[in-house]
Amino acid sequence: MISKRPKQSKKSKRLASFSLAVMGTGFVATLPFQGSFLGDLLQGGFEAGLVGGLADWFAVTALFRHPMGLPIPHTALLPKNRKRMTKALVSTLENDWLSKESIRNKIKQINFTEKIFPVLERELHSDPIKKGAVSLATQMISQINLEKVTPFVEKEIKSAFHSMEMSAVLQSAINQVLIREYDEKALDYLLGKVEEWIKKSNTKNQLGNIAIRALDNIEVDGFLQFALKSFQTLLNEEKLGSILQNLLLRVVSNLRQIDNTNRKALLLHVRTELQGIKDNKNLLKEIENWKDHLIAEWEPAEKITEILQKTQQKVLAFVQDSKFTDMYLLPFLTRLLNHLKEDQAKINTIENWIQKQITNLVEENHSKIGKLVQENLDKLDDETLIHMMEDKIGKDLQWIRVNGAICGFIIGIFLTEIKALI
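If you want my numbering, it's the position in the sequence shown, counting the first as 1, plus 3.
Okay, structure coming up:
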């Protein structure tokens with residue numbers, strides 16, 4: 004289309020010149036036939052057509068340049084009034100054709116969400132969108148500064164531990180001990196260790212030594228003292244230790260019997276004490292203080308950073324896996340888009356936001372429309388601008404010349420007839 008316009012303009016210019024040449028030739032050709040009615044009639048028509056064609060040629064030419072290069076006043080109107088015409092054009096664009104109000108009204112008539120949603124649905128499964136989404140997710144994960152995240156995670160972990168009710172934790176631990184019968188297992192373990200100690204060869208001597216010293220320290224009077232001394236002469240350290248060793252082994256053996264009364268009584272006492280710990284305020288306070296002290300002294304930052312780094316690498320590997328896009332990302336985005344389409348309130352919110360952003364963009368940049376036109380026009384010199392205008396409107400202007408010659412010819416004939424009749 005662009006290439007045809009100069010050809011059409013040149014063709015119209017040739018036609019206009021041809022019409023002027025016809026009028027001039029006709030005028031010269033009818034000069035020998037003056038005096039006859041037909042000769043005068045044709046000469047009047049050609050004469051008026053020649054004058055009309057020349058006048059219109061002068062008027063059309065005067066718009067763009069000086070006719071025949073002569074600096075005639077009020078010619079070359081476009082170069083002389085370029086700034087005023089440009090300013091008027093810019094003003095017309097900004098205030099009339101592309102005013103803020105007209106653009107705002109046009110924007111209000113457009114439903115952007117109706118146009119955006121089909122595009123999103125169509126492009127969602129395209130390879131560029133898949134690659135772009137994976138690239139964006141990878142970049143976001145990679146840009147996470149773990150050194151800045153670590154203090155936050157550390158603070159939250161310590162805060163979570165501080166908020167733990169130790170009474171509840173202790174009660175839960177006690178319940179597990181009772182349910183899993185850890186008290187019996189602990190008793191059996193302790194009895195086994197005691198039995199091992201009692202059976203050792205040097206344990207008998209230790210027990211005998213302890214018993215002798217205990218007897219020596221007993222202070223009694225009269226017959227009891229005599230009886231005690233007699234007992235000590237009958238039993239030495241070795242015999243007394245052997246008696247105590249056998250006695251303790253029997254006690255341990257009896258306590259290891261599941262149906263033993265003493266064992267049951269001991270376990271009952273232990274369980275009663277365990278269940279009562281939750282009401283021991285002093286113990287709970289000590290546990291709370293121990294917990295706070297332990298948390299204050301705890302410095303897990305290095306370990307947390309290490310864990311976060313490993314997690315980051317695993318997440319990156321997961322995101323870059325082809326299964327991530329097809330199995331997780333695209334289904335998630337599809338569900339999100341479908342839910343959004345069903346929520347009219349959210350659609351209205353998005354639509355209003357888009358309308359507002361575009362309106363604000365127009366408000367902030369409306370003056371740039373005129374500036375852009377002004378800058379583009381200023382880049383053109385007078386000759387280039389005139390050439391462009393002749394290409395765009397030259398065809399119509401040249402037809403003015405043709406019409407002027409034809410109208411002048413008709414009017415000339417009409418006036419010649421009137422003159423002949425008078």
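Idealized CB from N, CA, C, for every residue including glycine. From a predicted model like this one, the values you see are computed outputs, not experimental measurements.
Same chain, Cβ closer than 6 Å to residue i, five either side skipped, listed in chain order
{"i": "Val365", "result": "Ile106"}
{"i": "Lys133", "result": "Thr328"}
{"i": "Glu302", "result": "none"}
{"i": "Asn413", "result": "It is worth fixing the name first, because residue 413 is Ile in this sequence and not Asn. Once the five neighbours on either side are set aside, Ile413 has no close Cβ partner at all."}
{"i": "Glu367", "result": "none"}
{"i": "Met26", "result": "Phe49, Gly52, Leu53, Gly56, Ala408"}
{"i": "Phe36", "result": "Gly42"}
Beta-carbon gap between residue i and residue j smaller than 9 Å
{"i": "Leu252", "j": "Leu190", "result": "no"}
{"i": "Lys161", "j": "Ile298", "result": "yes"}
{"i": "Gly411", "j": "Gly42", "result": "no"}
{"i": "Gln315", "j": "Ser145", "result": "yes"}
{"i": "Ala304", "j": "Pro154", "result": "yes"}
{"i": "Leu194", "j": "Leu277", "result": "no"}
{"i": "Asp59", "j": "Asn355", "result": "no"}
{"i": "Thr95", "j": "Gln377", "result": "no"}
{"i": "Ile416", "j": "Leu44", "result": "yes"}
{"i": "Phe117", "j": "Leu340", "result": "Residue identity differs from the one stated: residue 117 is Glu in this sequence, not Phe. Not a contact, by the Cβ cut-off of 9 Å."}
{"i": "His369", "j": "Lys103", "result": "yes"}
{"i": "Val255", "j": "Val197", "result": "yes"}
{"i": "Gly38", "j": "Leu418", "result": "no"}
{"i": "Ile361", "j": "Glu97", "result": "no"}
Residue closest to residue i, alpha-carbon to alpha-carbon, out of the options
{"i": "Leu23", "options": "Val137, Ile144, Leu53", "result": "Leu53"}
{"i": "Glu150", "options": "Phe417, Thr308, Thr337, Asp324", "result": "Thr308"}
{"i": "Thr352", "options": "Leu41, Glu97, Phe115", "result": "Phe115"}
{"i": "Asn108", "options": "Arg216, Ser39, Arg183, Gln358", "result": "Gln358"}
{"i": "Thr28", "options": "Glu50, Val376, Ser39, Thr206", "result": "Glu50"}
{"i": "Phe164", "options": "Lys86, Pro35, His296", "result": "His296"}
{"i": "Lys86", "options": "Leu311, Glu345, Asn363, Lys382", "result": "Lys382"}
{"i": "Ala320", "options": "Gly47, Ser138, His128, Gly373", "result": "Ser138"}
{"i": "Ser325", "options": "Lys203, Glu97, Trp100, Thr141", "result": "Thr141"}
{"i": "Arg259", "options": "Ile409, Ala348, Glu345, Asp186", "result": "Asp186"}
{"i": "Ile421", "options": "Phe40, Arg338, His342, Asp99", "result": "Phe40"}
{"i": "Ile409", "options": "Tyr192, Leu57, Lys374, Ser166", "result": "Leu57"}
{"i": "Leu375", "options": "Val93, Asn212, Pro334, Ile147", "result": "Val93"}
{"i": "Val156", "options": "Gln323, Asp346, Lys306", "result": "Lys306"}
{"i": "Gln323", "options": "Lys267, Met143, Ala171, Ala91", "result": "Met143"}
{"i": "Lys250", "options": "Lys202, Asn285, Ile147, Phe21", "result": "As written in the sequence, residue 250 is Leu, which differs from the Lys given in the question. Closest by alpha carbon: Lys202."}
{"i": "Lys344", "options": "Thr275, Ala62, Phe36, Pro121", "result": "Pro121"}
{"i": "Ile147", "options": "Val318, Asn212, Lys349", "result": "Val318"}
{"i": "Ile350", "options": "Ile119, Ser20, Asn285", "result": "Ile119"}
{"i": "Thr275", "options": "Ile177, Gln347, Met330", "result": "Ile177"}
{"i": "Ala171", "options": "Lys188, Ile261, Asn283", "result": "Asn283"}
{"i": "Lys188", "options": "Ser129, Ile261, Asn265, Ser204", "result": "Ile261"}
Chain-order list of residues whose beta-carbon lies under 8 Å from that of residue i (same chain, five-residue window excluded)
{"i": "Phe229", "result": "Legend: pLDDT at Phe229 = 48, less than 50; position of this residue unreliable, value from coordinates given subsequently. So the list is empty, once near-sequence residues are dropped."}
{"i": "Leu173", "result": "Ile280, Lys281, Leu287, Ile290"}
{"i": "Phe226", "result": "At Phe226, the pLDDT of 47 sits below 50, so the modelled position is not reliable; the number obtained from the coordinates is stated separately. Same-chain partners within the cutoff: there are none."}
{"i": "Met169", "result": "Leu287, Ile290, Glu291, Lys294"}
{"i": "Leu336", "result": "Leu127, Ala136"}
{"i": "Trp200", "result": "Thr206"}
{"i": "Asn263", "result": "Asn257"}
{"i": "Glu184", "result": "none"}
{"i": "Met167", "result": "Lys294"}
Cβ-based neighbour list, residue i, same chain, cut-off 7 Å, excluding 5 preceding and 5 following
{"i": "Leu210", "result": "Gly244, Leu247, Gln248"}
{"i": "Leu332", "result": "Ala136"}
{"i": "Val152", "result": "Leu311"}
{"i": "His342", "result": "none"}
{"i": "Phe30", "result": "Gln46, Phe49, Glu50, Leu53"}
heavy atom of the ligand SAH below 8 Å from residue i C-beta
{"i": "Leu45", "result": "For the structure depicted, the ligand SAH is absent and the ligand set is empty, with no information on it obtainable."}
Notebook entry, point to check: Hey, which unbroken runs of the alpha helix (DSSP H) at 4 residues or more fall wholly within the region 16-67?
Noted result: 40-67
Item checked: Those runs of the alpha helix (DSSP H) which lie wholly inside the region 135-184 and span at least 4 residues -> 149-165, 169-182
Check: Fully enclosed by the region 343-372, which alpha helix (DSSP H) runs are 4 residues long or longer?
Finding: 347-368
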